[in-house]
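Have a look at the structure below, then the notes.
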Amino acid sequence: MKHIIMLLALIICTPGILLAQENDTSTRAEPAAKRAPSMAFGVYFGALAASHSGGFTFPDEQPPVISYDDGSGVGPAFGIRADIRLLSSLSLSPRIFAECRRGTFTSDPFVMEIVGQDMQPQDMRLEDELDVIVRVAGLDLLVQWHPLPVNLYLAAGPSVGLKLYEEFTVTENILEPAGVAFLDGSRSREIYSGDPDRTRAFHAGIRAGAGYLLSLGSDLAAGAEVLYFLPLQTVTENDDWSMQGLQATLSFLFRF
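Numbering of the sequence shown is given in the working numbering, commencing with residue 54 and proceeding in unit increments.
Here you go:
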């Protein structure tokens, strides 16, 4: 009789034990299902604010040879990116980018002699304004570190690019004397516009910065990112002209 009672108790308790084990397994599996996706792919777009320094001359083949130094400009930047998670706090982010590196420079004033009032020689002071556009496409290979539980990350890595096209536009402006104009009656004129092939064909540098991803669902995220571009070489081969840039972009990523 005693053995029968123990057998009945075992039969009654066994389903409860199995159910408890099943619930415990489900509880452990649920956080695993909520782990961050291992890969994301998407597009980004924004702007690159370029800062130029170091100095260069243009043109070289005809006088007067004009020197330019500091300049700045803002151009569009966009591309595609992939985020590949390597560890819980580390991921690799290769990107294919295209961007417009712009700069506007103003020369120091220079003097040219003209025939002035009463057919007498007179000095005319001028300055040249140079607008530069260099379109570059290339590859960034960034490592992203996620130091906090939130989707904030730090990123850094090499950047290489190939020049697609460049355009230089020079506008000459009369500063003084007052009342003097060019033959068309204006005090400004465009004296050059074209591709002089002055900048390097290959551009290398390092990008570093920070970003944040906002989850829009289980398979979609939006992000904001700021990266600083530090060049590893000058813009041209024969001058000290250097360009740094601050890039701000927005991203839309599909997660897998």
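Heads up, the beta-carbon is just placed ideally off N, CA and C, and yes, glycines get one too.
Computed from a predicted structure; not experimentally measured.
### Message
Going by DSSP, what residue range makes up the beta strand (DSSP E) through D193?
### Response
P174 to W198
### Query
Hey, T157 and G126 are a contact pair by Cβ (cut 8 Å); roughly how many whole angstroms apart?
Sure, about 5 Å apart at Cβ, within 8 Å.
### Contacting residues, own chain, Cβ-Cβ under 7 Å from R81 (five flanking each side not counted)
Unreliable positioning characterises R81 in this predicted model, as indicated by a pLDDT of 44, which lies under 50. A coordinate reading is not provided.
### Message
Measuring straight from C-alpha to C-alpha, what distance separates R154 and L101?
### Response
7 Å
### Query
Mind checking E219: buried by the 16 CB within 10 Å criterion, or exposed?
When all chains shown are included, E219 counts as buried.
### Message
For T67, count the other beta carbons within 10 Å of its own beta carbon; 16 or more makes it buried, fewer makes it exposed. Which is it?
### Response
Reliability fails at T67, whose pLDDT of 40 lies under 50, so the model's placement of it is uncertain and the value that follows must be treated cautiously. Looking at its Cβ environment, which holds fewer than 16 other Cβ atoms inside 10 Å, T67 is exposed.
#### Entry: Proximity winner among M296, Q197 and R242, relative to D136 (alpha-carbon distances)
Q197
### Message
On the criterion of 16 or more Cβ atoms from any shown chain inside 10 Å, does D250 qualify as buried, or is it exposed?
### Response
Exposed, by the Cβ-count rule.
### Task
Please report how far the alpha carbon of L217 lies from the alpha carbon of A275, in whole angstroms.
29 Å
### Message
Excluding the 5 residues flanking V223 on each side, which residues of the same chain have their C-beta closer than 6 Å to its C-beta?
### Response
D181, L183, I244 and Y245
### Query
Residues in its own chain within less than 6 Å of D122 by CB, not counting five upstream and five downstream?
When the five nearest sequence neighbours on each side are left out, the beta carbons in the same chain lying within less than 6 Å of the beta carbon of D122 are those of G108, in order along the chain.
### Message
Output needed for E229: all residues of its chain with C-beta closer than 7 Å, excluding positions within five of it in sequence on either side, in chain order.
### Response
R178
### Task
On the DSSP bridge assignment, give the partners of N226 in chain order.
E180 and S241
### Task
Would you tell me roughly how many angstroms separate the C-alpha atoms of F282 and S146, rounded to the nearest one?
16 Å
#### Entry: Cα-Cα separation, A231 to D176
12 Å
### Task
Just mark F309 as buried or exposed, buried being the case when its beta carbon has 16 or more other beta carbons within 10 Å.
exposed
### Message
Tell me the rounded alpha-carbon separation between F307 and G247.
### Response
41 Å
### Cβ neighbour criterion (16 or more within 10 Å) applied to M165
exposed
### Task
Might you give, ordered along the chain, the residues of its own chain that have their beta carbon closer than 8 Å to the beta carbon of D293, omitting 5 neighbours on each side?
So the list reads G107, G108, F109 and T287, once near-sequence residues are dropped.
### Query
Helix, strand or coil: which one does DSSP assign to I119?
Reduced to three states, the DSSP call for I119 is coil.
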